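What follows is a single structure, written as structure tokens, with notes after it.
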């Protein structure tokens, strides 16, 4: 465990590019293209399998009073990948070691797997919005000081986009609606049901899982566009 | 090894449904919807990782005079999943056991992996049409009687559709062009670069890999449509 938390993340490269691009168009006296008129640049990130835990679950797995240590800050403010990982044990006694915990703690326990992970371990993980875990499969987690059996919480996260209300207004979408994500490149693909999540705390960011990211061959240079 | 080859595959359920649907519309005196006017029904199949081998490679791995034994006939006439499998050894000494061989033998050796497989083993597998293996990574294969080092041949197969010339005419596409595959359901997704392969020997069939199939959550009931 690191004793000093990592420095807060610097602005994302795409944020700086977005600002510079707008200034350049203005300086040249040219009309802004649609992507540059957007309040925020579009960031598309691949979420590898991970879990969210309650403070009680962290204590069961890591010991009384234990608190998650930030290892890396994520793009959404205050969210981090923790130093801590757990072992996930599936119904066929297959395991995934080093399942990363994302912090801060939440008020429910949830394991998010790609479909390939779920099939490999033997979970029938339904596609759900984060937090909507009623009736989903349970699992066993193992930490350095204890086991924790979850009665439910194993999901495949629906591909989704975090939006600030300004982003939602720009794209003309509402919370809980769907938008298309068009991905270019040699494995060009359009995600036709990208769930829209809106909060004043959110920055514009698409989350897809590793199956989705690998299927469309997403790299830092892959062109991506949200299409209402 | 089975000594008696499996019976040739019965007509695919979708083929029978296609014929019955056309007859019903005719009997009812109703115009055929576009999907029913197509020469063939659309079959979408997920190809798990596999390899194609030359007769010489089969002899190196399985012994002199060895011939692949059909385990299961595939939808394309004469193609089969063999009883034989090999072990694939990647550059990080990680392995995939039980990599299925597809028969009959070809005039080149080729390993087709999903992107997730390739990343897990440490291959930088480019997206290629089958047979286009120049400059792709090599690998080591292990069979029951020997090893075989391939200097090249590890690819991620481009998502593609096999078409009879009648299908190509119906959809208005040419060999080597691209068509869209629209997949419905809770993970609705459109593949925007589905490579068109045409031969009088082909029946209409889309092949996607396990990443792509898992990303769009393909099941036997998932609605799929080719869109030029």
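Protein chains in written order, with our numbering: chain A, 248 to 475; chain B, 248 to 475.
Even for Gly, the Cβ is constructed at its ideal location relative to N, Cα and C.
Here the structure is a predicted model, which is why all the values come from computation and not from measurement.
Got a sec, what are the start and stop residues for the beta strand (DSSP E) residue i sits in?
{"i": "residue 317 of chain B", "result": "317-320"}
{"i": "residue 331 of chain A", "result": "327-336"}
{"i": "residue 404 of chain B", "result": "401-404"}
{"i": "residue 429 of chain A", "result": "425-430"}
{"i": "residue 247 of chain B", "result": "For chain B, the structure presents residues 248 to 475; residue 247 of chain B sits outside this window and is missing."}
{"i": "residue 371 of chain B", "result": "Where residue 371 of chain B is concerned, there is no enclosing beta strand (DSSP E), given that its DSSP letter is neither H nor E."}
{"i": "residue 290 of chain B", "result": "290-294"}
{"i": "residue 357 of chain B", "result": "357-359"}
{"i": "residue 474 of chain A", "result": "471-474"}
{"i": "residue 394 of chain A", "result": "394-397"}
{"i": "residue 388 of chain A", "result": "386-389"}
{"i": "residue 299 of chain B", "result": "297-299"}
At what residues does the alpha helix (DSSP H) containing residue i begin and finish?
{"i": "residue 437 of chain A", "result": "Where residue 437 of chain A is concerned, there is no enclosing alpha helix (DSSP H), although the beta strand (DSSP E) it sits in stretches over 436-445."}
{"i": "residue 417 of chain B", "result": "412-418"}
{"i": "residue 261 of chain B", "result": "260-274"}
{"i": "residue 308 of chain A", "result": "302-309"}
{"i": "residue 368 of chain B", "result": "362-368"}
{"i": "residue 459 of chain A", "result": "457-462"}
{"i": "residue 341 of chain B", "result": "Per DSSP, residue 341 of chain B belongs to no alpha helix (DSSP H) and is neither H nor E."}
{"i": "residue 282 of chain A", "result": "281-284"}
What in chain A is Cβ-close to residue i, meaning under 9 Å?
{"i": "residue 410 of chain B", "result": "Correct list: empty, because the minimum Cβ distance to chain A is about 20 Å."}
{"i": "residue 366 of chain B", "result": "457 and 461"}
Could you work out which residues of chain A lie near residue i, taking near to mean beta carbons separated by less than 8 Å?
{"i": "residue 433 of chain B", "result": "374, 405 and 440"}
{"i": "residue 301 of chain B", "result": "What residue 301 of chain B touches in chain A: nothing, since even the nearest Cβ is about 27 Å away."}
Whole-angstrom Cβ separation of residue i and residue j, contact assumed at under 8 Å?
{"i": "residue 222 of chain B", "j": "residue 448 of chain B", "result": "What the structure shows of chain B is the stretch from 248 to 475, and residue 222 of chain B is not part of that stretch, so it cannot be assessed."}
{"i": "residue 463 of chain A", "j": "residue 374 of chain B", "result": "In fact, because the Cβ distance is near 11 Å, the residues do not count as touching under 8 Å."}
{"i": "residue 408 of chain A", "j": "residue 426 of chain A", "result": "6 Å"}
{"i": "residue 360 of chain A", "j": "residue 372 of chain A", "result": "6 Å"}
{"i": "residue 200 of chain A", "j": "residue 441 of chain A", "result": "Summary: the structure shown does not reach residue 200 of chain A, with chain A confined to residues 248 through 475, and so no result is reported for it."}
{"i": "residue 342 of chain B", "j": "residue 335 of chain B", "result": "6 Å"}
{"i": "residue 378 of chain A", "j": "residue 398 of chain A", "result": "Actually they are not in contact, since the Cβ atoms of residue 378 of chain A and residue 398 of chain A sit about 16 Å apart, beyond 8 Å."}
{"i": "residue 406 of chain A", "j": "residue 366 of chain A", "result": "The pair is not a contact, with the Cβ atoms about 18 Å apart (cut-off 8 Å)."}
{"i": "residue 256 of chain A", "j": "residue 320 of chain A", "result": "4 Å"}
{"i": "residue 345 of chain B", "j": "residue 300 of chain B", "result": "Rounded, the Cβ-Cβ distance is 15 Å, inconsistent with contact."}
{"i": "residue 465 of chain A", "j": "residue 392 of chain A", "result": "Not a contact, Cβ separation roughly 37 Å."}
{"i": "residue 268 of chain B", "j": "residue 283 of chain B", "result": "5 Å"}
{"i": "residue 411 of chain A", "j": "residue 451 of chain A", "result": "7 Å"}
Please decide whether residue i counts as near chain B, where near means a Cβ-Cβ distance under 9 Å.
{"i": "residue 347 of chain A", "result": "no"}
{"i": "residue 464 of chain A", "result": "yes"}
{"i": "residue 429 of chain A", "result": "yes"}
{"i": "residue 437 of chain A", "result": "yes"}
{"i": "residue 383 of chain A", "result": "no"}
{"i": "residue 361 of chain A", "result": "yes"}
Taking CB distances under 9 Å as the criterion, tell me whether residue i reaches chain A.
{"i": "residue 332 of chain B", "result": "no"}
{"i": "residue 389 of chain B", "result": "no"}
{"i": "residue 473 of chain B", "result": "no"}
{"i": "residue 260 of chain B", "result": "no"}
{"i": "residue 273 of chain B", "result": "no"}
{"i": "residue 453 of chain B", "result": "no"}
CB of residue i to nearest heavy atom of the ligand COA: below 8 Å?
{"i": "residue 464 of chain A", "result": "Inclusion of the ligand COA in the displayed structure is not the case, the ligand content being empty and no account of it being possible."}
List the residues of chain A whose Cβ lies closer than 7 Å to the Cβ of residue i, in chain order.
{"i": "residue 423 of chain B", "result": "Here the premise fails: no neighbours, minimum Cβ distance about 14 Å."}
Which residues of chain B have a Cβ atom closer than 9 Å to the Cβ of residue i, listed in chain order?
{"i": "residue 292 of chain A", "result": "The premise fails here: residue 292 of chain A is roughly 16 Å from chain B at the closest Cβ pair, so nothing lies under 9 Å."}
{"i": "residue 356 of chain A", "result": "Going along chain B, no residue has its Cβ under 9 Å from residue 356 of chain A, so there is no contact; the nearest lies around 23 Å."}
Under 7 Å between beta-carbons, which chain B residues line up against residue i? List them in chain order, please.
{"i": "residue 469 of chain A", "result": "Within chain B, no residue comes near residue 469 of chain A; the closest Cβ sits about 12 Å away, beyond 7 Å."}
Counting only beta-carbon separations shorter than 9 Å, does residue i have a partner in chain D?
{"i": "residue 263 of chain B", "result": "In the structure shown, chain D does not exist; the protein chains are A and B."}
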